[in-house]
Amino acid sequence: MVKLSKRSKIAMSFLIVFCGIFFVAQKRFGSSDQSFTVRPDADFYIVGYHNIEGYQLTNEQPQKISDAQLEVVKGQINQVVKRAELSNRYLVFSEEGPPLGAIGRLIALDFQKGKVTYHPTADYAFTSSGVSPDYYFTSTANTDDSFIAVFDPKLKEIDKHIFEDSVIASDFSVDGDDIYLLGTDVKTKDNYPTYLYTLSIKNGQLAMKNKELLYEQPESTYFFHDSIVKEKQLYTVSSGYRNNATKERTVLGQVFHYDMQSGQKHFFDLTEIAPVNIFDLGHDTLAIEHEKNEAGKIGFSLFHLNDKTSTFIDLSQFGLSIESDYLKDVKQIDENTLLILAGHTLIGYHISDHQAIFNKQVSDDAFHIWVK
247 MVKLSKRSKI AMSFLIVFCG IFFVAQKRFG SSDQSFTVRP DADFYIVGYH
297 NIEGYQLTNE QPQKISDAQL EVVKGQINQV VKRAELSNRY LVFSEEGPPL
347 GAIGRLIALD FQKGKVTYHP TADYAFTSSG VSPDYYFTST ANTDDSFIAV
397 FDPKLKEIDK HIFEDSVIAS DFSVDGDDIY LLGTDVKTKD NYPTYLYTLS
447 IKNGQLAMKN KELLYEQPES TYFFHDSIVK EKQLYTVSSG YRNNATKERT
497 VLGQVFHYDM QSGQKHFFDL TEIAPVNIFD LGHDTLAIEH EKNEAGKIGF
547 SLFHLNDKTS TFIDLSQFGL SIESDYLKDV KQIDENTLLI LAGHTLIGYH
597 ISDHQAIFNK QVSDDAFHIW VK
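If you read the sequence shown in my numbering, its first letter stands for residue 247, the second for the next number, and so on.
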C-alpha cells in the first residue's frame, strides 16, 4: 500500500470534492447530450418536454412509429418566442432560466443524427428571437438594457449587439443580410409608438443600420405584434389602437403591409379581432394566431400574401379549453394539408374544403411539429 503524505491527502480530498461538485453541476445544468430515434420513414415528429414521437401518414392518418423518452426541457420554454429550424436539420430554441424556469440555455435537436445538445447561457431568448438560414438569434429586454445575440446551429455564440437604449422587441425576421424587428423604447416618455429597427448581419457580425417610426398617426398609437419580412415586404399584425388624448383602446384585427422598396403602407382587415402571432407556412401563406381571450375562441387566420385575403379556422370544435389550451404550432405539409398542434390535440386539416381529416391526443407538454 502506498502511504500518502498529508499534502497528497489534502489534494486527493480536494479532487474528490471537485469531482462531486462537477457531476452535481452536470446533473443540475443538464448539459450532457442525449439521443433519440430518427426514422427514415417518418413524415413528421412531435416534440414534447419529455419525449419525441415519430409519425408516418398512412391514408392521411398518423401512425406512431417511434417514441423516444427523454428530458428535452427541464423547466419551461416561452411558447410565443419563435423556435428556429435551420438547414432542414436542426430545431433550436431557448429554455428559460430562473425565476420563471430552471435553466437558462439553448437546446438543439439534430434530426439527422438523432442528437440533443444543450448550451447553458445567460443570452437565451427571453423576450423574442429570430432565425435565418444559418443562424439563431436571441433577444432579451428590460428597463436597463437589451441585446441581440447570434448563435450558429452548433450553439456557438458568434456575436452580440447591445442597444444604446433599451428596446422591447417582438420576434424578428431576417431577409438577406438584414434583420428587421419591431420594438418600443422602454424609457420613452411619449405614447410608446412602434419603431422598425434594421440591423445588418454579415459573417455572423451585427451592426445597427436604421431606426424609423413604423406608422405615424398623430391622434392614435397602433399596437403591432409579430412580424415577418419577405423580399423587402414587411407584414405585421395589429390588434388595434389607443386614442392618445382619451387613452381609449379600440380592438381590431388587421394585417399591416409595408413595402420597403416603394414606401407604401396599407392595412388589410381580418375577419377576427386581436391577432398576435405569425406562423410562416411557406407557399405565400401565413397562419395568424388570435389572442383567445379577446377573440373569445381558439383559432387562427390563413392569410394569403398574393391577394391579401384571409380565412379563419375555428378550433373550438375540437373540445379545446379557452382557459388552459392555446395554439402551439402550425405546419403546411402540402398544398392542401395543415398539421395543427393546439393544447394536447394534433389536428390534420384540409384547406380546400375546410374539414379536419383527423384529430389525435398527444402529450400535454408537446410544443413543436417537425416536418421532414
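Just so it is clear, CB atoms sit at the ideal spot from N, CA and C, and this is done for glycine as well.
Helix, strand or coil at residue i according to DSSP, with G and I counted as helix
i      : result
Gln563 : helix
Ala371 : coil
Lys320 : coil
Ala354 : strand
Asn230 : Nothing about residue 230 can be reported from this structure: the residues present for the chain run from 247 to 618 only.
Phe409 : coil
Thr517 : coil
Met454 : strand
Asn334 : coil
Leu236 : Outside the displayed range of the chain (247 to 618) lies residue 236, so it cannot be described from this structure.
Ala271 : Note that Ala271 has pLDDT 41, beneath the 50 cutoff, so the model's placement of it is unreliable and no number is given.
Ser254 : Only weak support is given to the placement of Ser254: the predicted model assigns it a pLDDT of 35, under 50, and the value that follows is read from those uncertain coordinates. Note: Ser254 maps to helix in three-state DSSP.
Glu462 : coil
Ala491 : coil
Gly343 : coil
Ile404 : strand
Pro366 : strand
Gln315 : strand
Pro439 : coil
Ala288 : coil
Pro308 : strand
Asp431 : strand
Gly300 : strand
Phe418 : strand
Ser278 : coil
Val327 : coil
Gly360 : coil
Ala348 : coil
Other residues of its chain near residue i: CB distance less than 7 Å, five sequence neighbours each side excluded
i      : result
Val248 : In this prediction, Val248 scores a pLDDT of 33, lower than 50, which makes its location untrustworthy; the coordinate-derived value is nonetheless stated afterwards. Contacts found: none.
His614 : Val293, Arg329, Leu337 and Asp575
Gln309 : Tyr301 and Gln302
Phe546 : Ala533, Ile534, Glu535, His536, Ile559, Leu573 and Val576
Asp505 : Gln479
Thr283 : Gly300, Ser312, Ala314 and Gly360
His596 : Asn582, Thr583 and Ile603
Asp423 : Ser446, Ile447 and Lys448
Ala541 : Glu518, Ile519 and Ala520
Asp530 : His550, Leu551 and Asn552
Gly486 : Phe469, Arg495, Thr496, Val497 and Leu498
Asp287 : Gln302 and Ile311
When the options are compared against residue i, the one with the closest alpha-carbon
i      : options                           : result
His512 : Val501, Glu518 and Pro521         : Val501
Ala453 : Ile311, Gln463, Phe372 and Phe393 : Phe393
Pro379 : Leu516, Thr440 and Ser419         : Ser419
Ile414 : Tyr441, Asp423 and Lys400         : Tyr441
Ala588 : Gly486, Leu551, Val608 and Asp411 : Val608
Tyr291 : Val327, Asp423 and Arg335         : Arg335
Asn552 : Gly528, Leu401 and Leu566         : Gly528
Pro521 : Pro399, Val483 and Gly509         : Val483
Asp391 : Asp398, Ile408, Ser375 and Thr531 : Ile408
Ile474 : Ser416, Lys435, Lys448 and Phe339 : Ser416
Ser412 : Tyr438, Asn539 and Asp287         : Tyr438
Lys476 : Asn297, Tyr426 and Asn582         : Tyr426
Phe514 : Phe383, Pro286 and Ser556         : Ser556
Ser278 : Tyr381, Ile568, Tyr364 and Ser598 : Tyr364
Tyr443 : Leu332, Phe525 and Asn456         : Asn456
6 Å CB neighbourhood of residue i in its chain, flanking five on each side removed
i      : result
Gln280 : Leu316 and Val362
Lys373 : According to the sequence displayed, residue 373 carries Thr and not Lys. Around Thr373: Ser385, Thr386 and Ala387.
Asp610 : His590
Leu355 : Leu337 and Val362
Asn605 : Phe564, Thr591 and Ile593
His503 : Tyr481 and His512
Phe470 : Leu428, Thr440, Thr482 and Ser484
Phe624 : This structure gives no information on residue 624, because the portion of the chain shown stretches from 247 to 618.
Neighbour flag for residue i against chain C, beta carbons, 8 Å
i      : result
Val326 : No chain C is present in this structure, which holds just one protein chain.
Cutoff 8 Å; reference residue i; Cβ partners in own chain excluding five residues on either side
i      : result
Gln325 : Tyr572, Lys574 and Phe613
Glu494 : Arg488
Leu566 : Ile544, Ala588, Gly589 and Thr591
Glu341 : Val319, Lys320, Gly321, Gln322, Ile323, Gly347, Ala348, Ile349, Gly350, Arg351, Leu352, Ile353 and Tyr370
Asn297 : Asp313, Ala314, Gln315, Leu316, Val318 and Ser609
Glu403 : Thr367, Asp369, Ala395, Val396 and Phe397
Ala271 : Summary for Ala271: the model assigns pLDDT 41, below 50, so the residue's position carries little reliability; its value from the coordinates is reported in the next sentence. The answer is none, since no qualifying residue turns up.
Residues bridged to residue i [DSSP beta-bridge criterion]
i      : result
Phe546 : Glu535 and Ile559
Tyr504 : Leu480 and Lys511
Ile586 : Val576 and Ile593
Lys606 : Leu592
Val497 : Gly486
Asn523 : Glu535
Lys448 : Gln451
Can at least three beta-carbon pairs, one atom from the stretch 333-349 and one from the stretch 297-308, be found at a separation below 8 Å?
no
Cβ contact check for the stretch 360-368 and the stretch 421-431: 3 or more pairs under 8 Å
no
Below 8 Å, can you find three or more Cβ-Cβ pairs linking the stretch 312-328 to the stretch 547-560?
no
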